[in-house]
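Colleague: Residue numbers (our numbering), protein chains in the order written: chain A, 75 to 250; chain B, -6 to 353. Think of the CB as a built atom: it goes at the ideal place given N, C-alpha and C, for glycine as much as any other residue.
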């Protein structure tokens, strides 16, 4: 019992001494042209990123087994709800998982996001994704402008980075 | 053709073999002398077939090694013609079958093999015959194992001033073990790319493939090295709960190890990934680097393997026969393609498959 307490104390000390990993801010993209993205959603409908021209699209690569992915998704759903009236969409590109598992996850979490199935991870390969989550922000002309590799900082800076790209202004409060 | 030689043909493809399901007649005799004999059964039933469906299953190594001998396999593809092929360059054996629209794809593969613990005495160098062509294969970069850029510079930094191959191999091993305790600079899950692991120093979660990293760094340092893809089949006799299979159900017990070729010793087994597993998962979990269990595992897993584990193959960038969706980086799980795409090999419940083992 004493040895166990000592081990736990040592582990806690180690954890306290090392700072937690930082979440990533969106950075300017310098990686070249936007690759194609045409994938089906769990209902079998094809979605083409190119058809969303005119809107800003946040493309997020994720998986249900990726803890930082799952943790940031509610914030992405809230962001989408807030910014959709100004021309914003989120595409959550699942990596290689079975439709049944992804559908169960979506139902369980109730997240209002467009989920696409990259079953062979071929789109991830085209977009040179090396880690999950990875996030890209594509402007209204279809050009990648921002990206982040790893867990995203979903604080106020996220919306602040995206807002200047949006095609429509924030609605003014006309009731005053 | 003798049953014991099933799937052990040098460089030839076989087709149309469908061995009887009377499994006891299919297998060669077990060797004696500290060998343990096992039988692993893989059963696949595709829950959502669509259009043309193909299933591929890995067999035990199709070449014998000091630690494993194949004793033969038999399979039964229901309503289809099962096929088998082997590629001895990679110790690779594949059993597969194809079904048309409207079928219920199901296949069972039963494999017998014997394993024996292996330990290389690094205090006793000897003369080893090296097959240059074989070693050249295990120095090349692969899709997930680049050997240039940050991999090369890290390997050079780790092995700078090392006197000889053994020291180089050990320094890489120690570097990986030491860096598994370090907090990553970013939270994210690698997708197998070792450059990502090195750039982000993201080694300590379960997502980082440390044995692939070992192989990549070793190759970049000029040491032939290879991943050995396989599955755990029995408990650890050394008492580690995290390093063995506790029950007959080994559906999720896949594990890849690594070997490095040292000129005076031949292929030497290593497993820094299991050192990290002890750190993370050996009760009570999250052990510090100085914990006795961690130190013992760290000492043992450079130069030896406990063989409570089955080796499938050494292959990378595998082109499965008849696959429509491209190569796979490695072959350690059942694989399946339907008209709707590739199934997720990491999701046995929805795929569906089950793997069991018994000692014979």
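#1: Taking residue 100/A as the reference, which of 131/A, 106/A, 174/A and 235/A has the closest Cα?
#2: Taking three-plus beta-carbon pairs below 8 Å as touching, is the region 230 to 247 of chain B in contact with the region 204 to 216 of chain B?
#3: For residue 335/B, which residues in chain A fall below 7 Å Cβ to Cβ?
#4: Kindly indicate if chain B contains any beta-carbon less than 9 Å away from that of residue 116/A.
#5: Closest Cβ-Cβ distance between residue 180/B and chain A: below 9 Å?
#6: Any Cβ of chain B within less than 9 Å of the Cβ of residue 206/A?
#7: For residue 59/B, does the three-state DSSP call read helix, strand or coil?
#8: Between which two residues does the beta strand (DSSP E) holding residue 78/B run?
#9: Going by Cα to Cα distance, which pick from 104/B, 225/B and 38/B is closest to residue 343/B?
#10: Can the beta-carbon of residue 55/B be found less than 9 Å from the beta-carbon of residue 85/B?
#11: Which two residues bound the contiguous alpha helix (DSSP H) that contains residue 152/B?
#12: May I ask you to report which of helix, strand or coil DSSP gives residue 344/B?
#13: Assign residue 231/B to one of two classes, buried (16 or more other C-beta atoms within 10 Å of its C-beta) or exposed (fewer than that).
#14: Label residue 125/A either buried or exposed according to how many other C-beta atoms from any shown protein chain fall within 10 Å of its C-beta, with 16 as the threshold for buried.
#15: Report the partner residues of residue 103/A according to the DSSP bridge assignment.
#16: Using a C-beta to C-beta distance shorter than 7 Å, which residues of chain B count as neighbours of residue 175/A?
#17: Pick helix, strand or coil for residue 31/B, following the three-state DSSP scheme.
#18: Which word fits residue 40/B, buried or exposed, when buried means at least 16 other C-beta atoms lie within 10 angstroms of its C-beta?
#19: Can you give the Cα-Cα distance for residue 305/B and residue 223/B, rounded to whole angstroms?
#20: Compare the C-alpha of residue 213/B against each of 180/B, 138/B and 351/B and name the closest.
#21: Rounded to whole angstroms, what is the Cα-Cα separation between residue 200/A and residue 104/A?
#22: In the DSSP assignment, what residue or residues form a beta bridge with residue 144/A?
#23: Which residues, taken in chain order from the region 155 to 174 of chain A, show a beta carbon closer than 7 Å to some beta carbon of chain B?
#24: Give the secondary structure of residue 67/B by DSSP, where H, G and I count as helix, E and B as strand, and everything else as coil.
#25: Using a Cβ-Cβ distance under 9 Å, would residue 180/A count as near chain B?
#26: Can you pull the chain A neighbours of residue 186/B, defined as C-beta to C-beta under 7 Å?
#27: Let me know the secondary structure DSSP gives residue 98/B once reduced to three states.
#28: Report the CB separation of residue 157/A from residue 240/A in whole angstroms; it is logged as a contact under 8 Å.
Modeller: Per the coordinate set shown:
#1: Reading the first chain from its first residue, position 26 is the one you call residue 100/A. It is 235/A.
#2: no
#3: Counting from one through the second chain, the residue named residue 335/B turns up at place 342. Correct list: 193 and 194.
#4: Here residue 116/A refers to the residue found at position 42 when the first chain is read from its first residue. No, because no Cβ of chain B sits closer than 9 Å to the Cβ of residue 116/A.
#5: On the second chain, position 187 is the one that residue 180/B refers to. Chain A contact via Cβ: present.
#6: Taking the first residue of the first chain as 1, we reach residue 206/A at position 132. Closer than 9 Å: yes.
#7: Numbered from 1 along the second chain, position 66 holds the residue referred to as residue 59/B. In the structure shown, residue 59/B sits in coil (DSSP, three-state: anything other than H, G, I, E or B).
#8: By 1-based counting over the second chain, the position of residue 78/B is 85. Its beta strand (DSSP E) spans residues 76 to 80.
#9: In the second chain, residue 343/B corresponds to position 350, counting from 1. Of the listed residues, the one whose Cα sits closest to residue 343/B is 38/B.
#10: As a working mapping, residue 55/B is identified with position 62 in the second chain. As a working mapping, residue 85/B is identified with position 92 in the second chain. In this structure, residue 85/B lies closer than 9 Å to residue 55/B by Cβ.
#11: What you label residue 152/B is simply residue 159 of the second chain in a count that begins at 1. Taken as a continuous stretch (DSSP letters only), the alpha helix (DSSP H) holding residue 152/B covers 142 to 152.
#12: Start at 1 with the first residue of the second chain, and residue 344/B comes out as number 351. Of the three classes helix, strand and coil, the one that applies to residue 344/B here is helix, per DSSP.
#13: Taking the first residue of the second chain as 1, we reach residue 231/B at position 238. By the neighbour-count rule (16 or more Cβ atoms within 10 Å), residue 231/B is not buried but exposed.
#14: Indexing the first chain from 1 puts residue 125/A at position 51. Exposed: under 16 other Cβ atoms inside 10 Å.
#15: Within the first chain, the letter at position 29 stands for residue 103/A. None, per the DSSP bridge assignment.
#16: What you label residue 175/A is simply residue 101 of the first chain in a count that begins at 1. Correct list: 340 and 343.
#17: Locating residue 31/B in the second chain gives position 38, counting from the first residue. If DSSP states are grouped into helix, strand and coil, residue 31/B belongs with the strands.
#18: For the purposes of this step, residue 40/B is identified with residue 47 of the second chain, where counting begins at 1. Residue 40/B is exposed by the Cβ-count criterion.
#19: Counted from its first residue, the second chain places residue 305/B at position 312. Counted from its first residue, the second chain places residue 223/B at position 230. Cα to Cα, the separation comes out at about 5 Å.
#20: Translated into the one-based positions of the second chain, residue 213/B becomes position 220. Among 180/B, 138/B and 351/B, the Cα nearest to that of residue 213/B belongs to 138/B.
#21: On the first chain, position 126 is the one that residue 200/A refers to. On the first chain, position 30 is the one that residue 104/A refers to. Rounded to the nearest angstrom, the two C-alpha atoms are 16 Å apart.
#22: Here residue 144/A refers to the residue found at position 70 when the first chain is read from its first residue. According to DSSP, which records beta bridges pairwise, residue 144/A is partnered with nothing at all.
#23: 170, 171, 172 and 174
#24: Locating residue 67/B in the second chain gives position 74, counting from the first residue. Correct three-state label for residue 67/B: strand.
#25: Position 106 of the first chain, counting from 1, holds the residue named residue 180/A. By this cut-off, residue 180/A is not an interface position.
#26: Translated into the one-based positions of the second chain, residue 186/B becomes position 193. Residues of chain A passing the Cβ test: 204.
#27: The sequence position of residue 98/B within the second chain is 105, counting from 1. Coil.
#28: Against the first chain, residue 157/A aligns to sequence position 83. Against the first chain, residue 240/A aligns to sequence position 166. Confirmed, Cβ separation roughly 7 Å.
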